[in-house]
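Chains as they are written, first to last, in numbering that gives the first Met the number 0: chain V, 0 to 408; chain G, 0 to 408.
2 protein chains.
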Amino acid sequence: MRITGLRATPIAIADPPLRSAFGLHAPFALRTIVEVDTDEGVTGLGETYGGEAPQRAFAAVRPLVIGRDPYDLTPLRLAIASRNGERPDGWAWEARTFGPPQLFSAIEVACLDAIGKATGRRVCDLLGGAVREKIDFAAYLFFKHAGDDAWGEVMSPDAMVGEARTMVSRYGYRSLKLKGGVLDPDREAEAILCLRDAFGSDVPLRLDPNAAWSHQTAERIARRLRGTLEYLEDPVPGIDGMSAVAAGTDLPLATNMCVTAFAHLPEAVAKRAVAVVLADHHMWGGMRATAELGRLCGTFGLGLSMHSNSHLGISLAAMVHVAAAVPELTYACDTHYPWQTEDVIVGGKLPIRDGSVAVPRGPGLGVELDRDALAALHERYARAGMTVRDDAAEMRKIDPAWRPHVGDW
Amino acid sequence: MRITGLRATPIAIADPPLRSAFGLHAPFALRTIVEVDTDEGVTGLGETYGGEAPQRAFAAVRPLVIGRDPYDLTPLRLAIASRNGERPDGWAWEARTFGPPQLFSAIEVACLDAIGKATGRRVCDLLGGAVREKIDFAAYLFFKHAGDDAWGEVMSPDAMVGEARTMVSRYGYRSLKLKGGVLDPDREAEAILCLRDAFGSDVPLRLDPNAAWSHQTAERIARRLRGTLEYLEDPVPGIDGMSAVAAGTDLPLATNMCVTAFAHLPEAVAKRAVAVVLADHHMWGGMRATAELGRLCGTFGLGLSMHSNSHLGISLAAMVHVAAAVPELTYACDTHYPWQTEDVIVGGKLPIRDGSVAVPRGPGLGVELDRDALAALHERYARAGMTVRDDAAEMRKIDPAWRPHVGDW
Chain V
0 MRITGLRATP
10 IAIADPPLRS
20 AFGLHAPFAL
30 RTIVEVDTDE
40 GVTGLGETYG
50 GEAPQRAFAA
60 VRPLVIGRDP
70 YDLTPLRLAI
80 ASRNGERPDG
90 WAWEARTFGP
100 PQLFSAIEVA
110 CLDAIGKATG
120 RRVCDLLGGA
130 VREKIDFAAY
140 LFFKHAGDDA
150 WGEVMSPDAM
160 VGEARTMVSR
170 YGYRSLKLKG
180 GVLDPDREAE
190 AILCLRDAFG
200 SDVPLRLDPN
210 AAWSHQTAER
220 IARRLRGTLE
230 YLEDPVPGID
240 GMSAVAAGTD
250 LPLATNMCVT
260 AFAHLPEAVA
270 KRAVAVVLAD
280 HHMWGGMRAT
290 AELGRLCGTF
300 GLGLSMHSNS
310 HLGISLAAMV
320 HVAAAVPELT
330 YACDTHYPWQ
340 TEDVIVGGKL
350 PIRDGSVAVP
360 RGPGLGVELD
370 RDALAALHER
380 YARAGMTVRD
390 DAAEMRKIDP
400 AWRPHVGDW
Chain G
0 MRITGLRATP
10 IAIADPPLRS
20 AFGLHAPFAL
30 RTIVEVDTDE
40 GVTGLGETYG
50 GEAPQRAFAA
60 VRPLVIGRDP
70 YDLTPLRLAI
80 ASRNGERPDG
90 WAWEARTFGP
100 PQLFSAIEVA
110 CLDAIGKATG
120 RRVCDLLGGA
130 VREKIDFAAY
140 LFFKHAGDDA
150 WGEVMSPDAM
160 VGEARTMVSR
170 YGYRSLKLKG
180 GVLDPDREAE
190 AILCLRDAFG
200 SDVPLRLDPN
210 AAWSHQTAER
220 IARRLRGTLE
230 YLEDPVPGID
240 GMSAVAAGTD
250 LPLATNMCVT
260 AFAHLPEAVA
270 KRAVAVVLAD
280 HHMWGGMRAT
290 AELGRLCGTF
300 GLGLSMHSNS
310 HLGISLAAMV
320 HVAAAVPELT
330 YACDTHYPWQ
340 TEDVIVGGKL
350 PIRDGSVAVP
360 RGPGLGVELD
370 RDALAALHER
380 YARAGMTVRD
390 DAAEMRKIDP
400 AWRPHVGDW
């Protein structure tokens, strides 16, 4: 089996005006749809970060991919790493830092999809088999501006409870994650307490201010929300910062910011900086890498949850297959998926029911590419003129003086 | 694809009178040959520890295996673990402690062989692809008694140099590992220095007294052999003991005794007990587990080498496929293989040339079962009446007062 073609199609997808500590989501989020053609007539699919940096990376890696056996993945990983130089410090959830692990991951997913389609097996089976057939997700609650959507403005605890009710009634979520770092920290704690009142004590709650807070604020809010939160995600920046907060609370701290690569784990473990690592196969170097991360977290007593960026159905399918195959992944996963109204997969968006997504039954990832939808979203990418995500710039269009909080709120 | 049959055939293979800190190898070593039949007409092969304990374990696990999809491996691992209870402290290289990781591993290998044979792919490809096509092995040098073999008695440094010369001329080894814990520690250090003189400085040397030594002896020998040994393996027992020795030397310490399961790693890392972990897919819970161990060791700055027990060609093939697929495995692997004159694979023993074994080209493990050979070795098992390996009892047949050294030599 040989790879005969590699396409990485940049697309722009509609995105509502969601807020975070980084600023404001632009009207479009950028993604890349990856296709790997093979001489056996099957094409494997992948999806990753968007914009210009991935385009350059895929173009550069073409000679390493074309002609390769799609099973020949670890050698490809090493070839990409040695070509580009590993970037253990690459916090790569933005396309700005689309490095070797992120590039390899996108190709790995497409190759595993191709292998699955060629052999009639699901990707989760290629990773060792499904330990679960339904993957639980948490509602991903955002403060947001009013926009071209039905959600309206959500900039208060009360409005947030309304958003959560709609999410829960529509998708059946049984866990709630609030993206914080937007309102005053005590207002966000208040929002959590309102969610607790509204949904009762059986619904796990998480809060993620994306490292906007100071140590003092994190300590105060951790005291206030201890016993209320399932975990507090990235209250402050850095392993040392997280470690200092962790030392003063028994509220579990989670991260997708200070531990985003294997190289960060030894220090994080030694300093007891976090209790939960948020996996993300797009960021951590692929699906097998995520299984390896799972074993590592299980070994060192760390919990494993899953991070999300704005994404479409190919990424969701991949996330679901990984979550099915990695036993250590025991928290409900994050997903932005309901915030996206479009998709590139045949049959429209994958359903979220009772807060979970069923592992697709078909071979490979179990999703097929809608080429018309892809063409339309690619055309929009070309028209939109965005080459990189910049939530801060988007925010400053509204408030020119706006500056992100980084460990100082 | 469904598993329709599971056979675990106990065999006894001829073994020369090799010495170690545990005593003397009996005339027969015990192994188990595993076969997994499938409804697609292929049968997958595995090989593991021998004797009665594995027989009981395979019989007990039958209901979990028959009818299962051979891709459905991680769920099988969890089912076996929850059925038997995990034994994180199980130092399981003896059949005495044939626990869930060892049982799962044997079945995993056979299932991966079946998948490979069914899909026409090599097992190393199913694990992510081969990063190397030749696997380097170290000559495994043993002090030994005279026996029913051509090697004669080897109980002195001079005789050991002779054994090593024969090994190197026959198999082309470019690394030498001396099994110690047999002669006085300083005599064994002398043997290493004689090997250094005989083979020059380009041939890495290792010494493994299997935790027979005291701290004082380990310190003294480490000083003496610093700069001469590639690594010193298990000079003393236990993570604390190894940690204390490691603190006083820059000679890398390796282990297959104090770190033999994932659960041992956090303490070993925190106490800087070892620089090199010896993987063994038979012991660590399988081939994917070994890949996960590789990532973990790479992440925490630990080297990865490979441990061996007396084994035949199915195990060697599996070791070679794992070593091909795990990039972190950068040391020459251990193997007892040349000490065994028999085999159960078609075509006789796999060749070791230039100190390395080529990854077999055929599908699955790339080896086929010689059923006549299997029947003969199984008959010998029945006749031999051995149910467990007991090197100390074998030694006491010669010297009734013999007691193993454990951290006191």
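Yeah, the Cβ is synthetic: ideal placement off N, Cα and C, and Gly gets one too.
Distance from the Cα of Cys123 (chain V) is smallest, within the candidate group V:Gln339, V:Arg402, V:Val321, for V:Val321. Contacts with chain V (Cβ-Cβ distance below 9 Å) from the region 285 to 296 of chain G involve Arg287, Ala288, Ala290, Glu291, Leu292, Gly293, Arg294, Leu295, listed in chain order. Inter-segment contact for the region 374 to 383 of chain G and the region 3 to 13 of chain G is present: three or more beta-carbon pairs are separated by less than 8 Å. The count of Cβ pairs closer than 8 Å, one atom from the region 163 to 183 of chain G and one from the region 19 to 34 of chain G, reaches three, so the stretches are in contact.
Taking a C-beta cut-off of 8 Å against chain G, the contacting residues of the region 297 to 327 of chain V are Gly297, Thr298, Phe299, Gly300, Ala324, Pro326, listed in chain order. Residues of chain V with a Cβ closer than 8 Å to the Cβ of Val130 (chain G) are, in chain order, Thr73, Pro74, Leu77. When Cβ pairs closer than 8 Å are counted between the two stretches, the region 389 to 401 of chain V is seen not to touch the region 160 to 178 of chain V, the count staying below three. Of all residues in the region 243 to 268 of chain G, those with a C-beta nearer than 8 Å to a C-beta of chain V are Phe261, Ala262, Leu264, Pro265, Val268, reading in chain order. Leu295 (chain G) is not a Cβ neighbour of Thr47 (chain V), given a cutoff of 8 Å.
Annotated three-state conformation of Asp233 (chain V) is coil, per DSSP. At a Cβ-Cβ threshold of 8 Å, Ala357 (chain G) and Glu132 (chain G) count as neighbours. At a cut-off of 8 Å between beta-carbon atoms, Asp233 (chain G) makes no contact with chain V.
Rounded to the nearest angstrom, the gap between the Cα atoms of Ser200 (chain G) and Tyr230 (chain G) is 14 Å. Contact check for Asp71 (chain G) and Gly128 (chain V): beta-carbon distance about 4 Å, within the 8 Å limit, so the pair qualifies.
Look at Ile106 (chain V) here: in three-state DSSP terms it is helix.
In this structure, Ala267 (chain G) places its C-beta atom within 8 Å of the C-beta atom of Val273 (chain G).
Our two residues, Glu218 (chain G) and Ala105 (chain V), have alpha carbons roughly 49 Å apart in a direct line. With the criterion set as a beta carbon lying under 7 Å from some beta carbon of chain G, the members of the region 106 to 120 of chain V are Thr118, Arg120, in sequence order. The beta carbon of Ser314 (chain G) is closer than 6 Å to those of Glu46 in its chain, skipping five residues each way along the sequence.
For Gly45 (chain V), the enclosing beta strand (DSSP E) stretches over residues 42 to 48. The C-beta of Gly127 (chain G) comes closer than 8 Å to at least one C-beta of chain V. The beta carbon of Asp183 (chain V) does not come within 8 Å of any beta carbon belonging to chain G, so the residue lies off that interface. Chain V has a Cβ within less than 8 Å of the Cβ of Asp124 (chain G). For Tyr70 (chain G), the chain V residues whose C-beta falls within less than 7 Å of its own C-beta are Arg120, Asp124, Gly128, listed in chain order.
Bounds of the beta strand (DSSP E) holding Ile12 (chain G) are 2 to 13.
If you draw a straight line from the Cα of Pro99 (chain G) to the Cα of Thr340 (chain G), it is about 30 Å long. Membership of Thr254 (chain G) in the beta strand (DSSP E) is indicated by the continuous run 252 to 254.
With contact defined as three or more Cβ pairs closer than 8 Å, the region 285 to 293 of chain G and the region 252 to 261 of chain V are not in contact.
Secondary-structure assignment with DSSP links Met154 (chain V) through no beta bridge to anything. As computed with DSSP, Arg121 (chain G) is found in a beta bridge with G:Gly363. In the DSSP assignment, Phe57 (chain G) falls within the unbroken alpha helix (DSSP H) covering 51 to 64. The Cβ atoms of Val235 (chain G) and Gly361 (chain G) do not sit closer than 8 Å to each other.
The distance from the Cβ of Gly302 (chain V) to that of Thr334 (chain V) is about 18 Å, inconsistent with a contact at the 8 Å cut-off.
Taking Ala163 (chain G) as the centre and dropping the five residues before and after it, the same chain places the C-beta of Ala138, Leu140, Leu175, Leu194, Ala197, Phe198 closer than 8 Å to its C-beta, in chain order.
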